[in-house]
Amino acid sequence: EAQVTQNPRYLITVTGKKLTVTCSQNMNHEYMSWYRQDPGLGLRQIYYSMNVEVTDKGDVPEGYKVSRKEKRNFPLILESPSPNQTSLYFCASSPIAGAPHEQFFGPGTRLTVL
Amino acid sequence: AQSVAQPEDQVNVAEGNPLTVKCTYSVSGNPYLFWYVQYPNRGLQFLLKYITGDNLVKGSYGFEAEFNKSQTSFHLKKPSALVSDSALYFCAVEYGNKLVFGAGTILRVKS
């Protein structure tokens, strides 16, 4: 089944404890992206990747890191999480970079930072 | 800056009635516009997109959207609402490899 998977789906952590949220897609998509969803703000793009080893900042990159070593994986890293990073996070992928193609979203990761 | 506005936090409609979810955008150049739907505890699903051509775009689940360049709008419509259409709807605009979303509109369809 073609899909985007994220792990974990739910995570409660404490301030300052490094964490990684994994994202993987099995559709051989070039483009991958991370978003956070907050009430009243919609989804905001954190980082995106046009292809392997090519990443760039979205609109809210502060406090986050990403890497794209393989085409299928795009982990999101929070080196020192803070309570304002409590949010619902979505990974997405798209077949073609640089073209207005629809994105396929993962199921989401609900993160709580205490 | 590119932006998307969804002026209604919530839209209520009776089953069988037509529905409209509003979206306006601000973008330089030709816009690439999208609608996505989010059901409870699920990720977003693509509904439809406007790239160029016919101003009326048809998408999944009987939804359609009308692009109006002069009013910079891209309203989502459906002729006859179903209770199962109840969800959170997002309008989005793509520019420069980024996707900018509106705040979302909750659609509630009552039987």
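Chains as they are written, first to last, in my numbering: chain A, 1 to 114; chain B, 1 to 111.
Cβ atoms here follow ideal geometry from the backbone N, Cα and C, with glycine treated the same way.
Quick check on the DSSP output: the beta strand (DSSP E) that includes residue i runs from which residue to which?
i, result
"R110(A)", "109 to 113"
"T24(B)", "24 to 26"
"A1(B)", "Per DSSP, A1(B) belongs to no beta strand (DSSP E) and is neither H nor E."
"K58(B)", "56 to 58"
"T15(A)", "Segment: none, T15(A) is in no beta strand (DSSP E) and carries neither H nor E."
"D59(A)", "Neither: D59(A) is in no beta strand (DSSP E) and is coded neither H nor E."
"Q37(A)", "31 to 38"
"N7(A)", "4 to 7"
"V109(B)", "105 to 110"
"I96(A)", "I96(A) -> no beta strand (DSSP E), and no H or E assigned at all."
Using the rule of at least 16 other Cβ atoms within 10 Å of the residue's Cβ for burial, across every protein chain shown, is residue i buried or exposed?
i, result
"V83(B)", "exposed"
"E62(A)", "exposed"
"Q10(B)", "exposed"
"Y89(B)", "buried"
Taking just the CA atoms, how far does residue j sit from residue i?
i, j, result
"Q37(A)", "V52(A)", "25 Å"
"R108(B)", "Q38(B)", "13 Å"
"P8(A)", "Q71(B)", "43 Å"
"R44(A)", "V60(A)", "7 Å"
"C91(B)", "K22(B)", "9 Å"
"K69(A)", "V54(A)", "9 Å"
"C91(A)", "V27(B)", "24 Å"
"P40(B)", "E102(A)", "21 Å"
"Y35(A)", "Y89(A)", "6 Å"
"K69(B)", "T15(A)", "46 Å"
Leaving out the 5 sequence neighbours to the left and right, which residues in its chain are closer than 6 Å to residue i when beta-carbon positions are compared?
i, result
"M119(A)", "Outside the displayed span of chain A (1 to 114) sits residue 119(A), for which this structure offers no information."
"P95(A)", "H29, H101"
"A103(B)", "Q6"
In its own chain, which residues sit with a C-beta less than 7 Å from the C-beta of residue i, not counting the 5 before and 5 after it?
i, result
"L121(A)", "No statement about residue 121(A) is possible, as the shown extent of chain A runs from 1 to 114 and does not include it."
"T86(A)", "L111, T112, V113"
"R72(A)", "S24, Q25, N26"
"E15(B)", "A81, L82, V83, V109, K110, S111"
"V4(A)", "C23, Q25, C91, A92, S93, F104, F105, G106"
Output needed for residue i: all residues of its chain with C-beta closer than 8 Å, excluding positions within five of it in sequence on either side, in chain order.
i, result
"D56(A)", "Y47, Y48, S49, M50"
Those runs of the alpha helix (DSSP H) which lie wholly inside the region 6 to 86 of chain B and span at least 4 residues:
none
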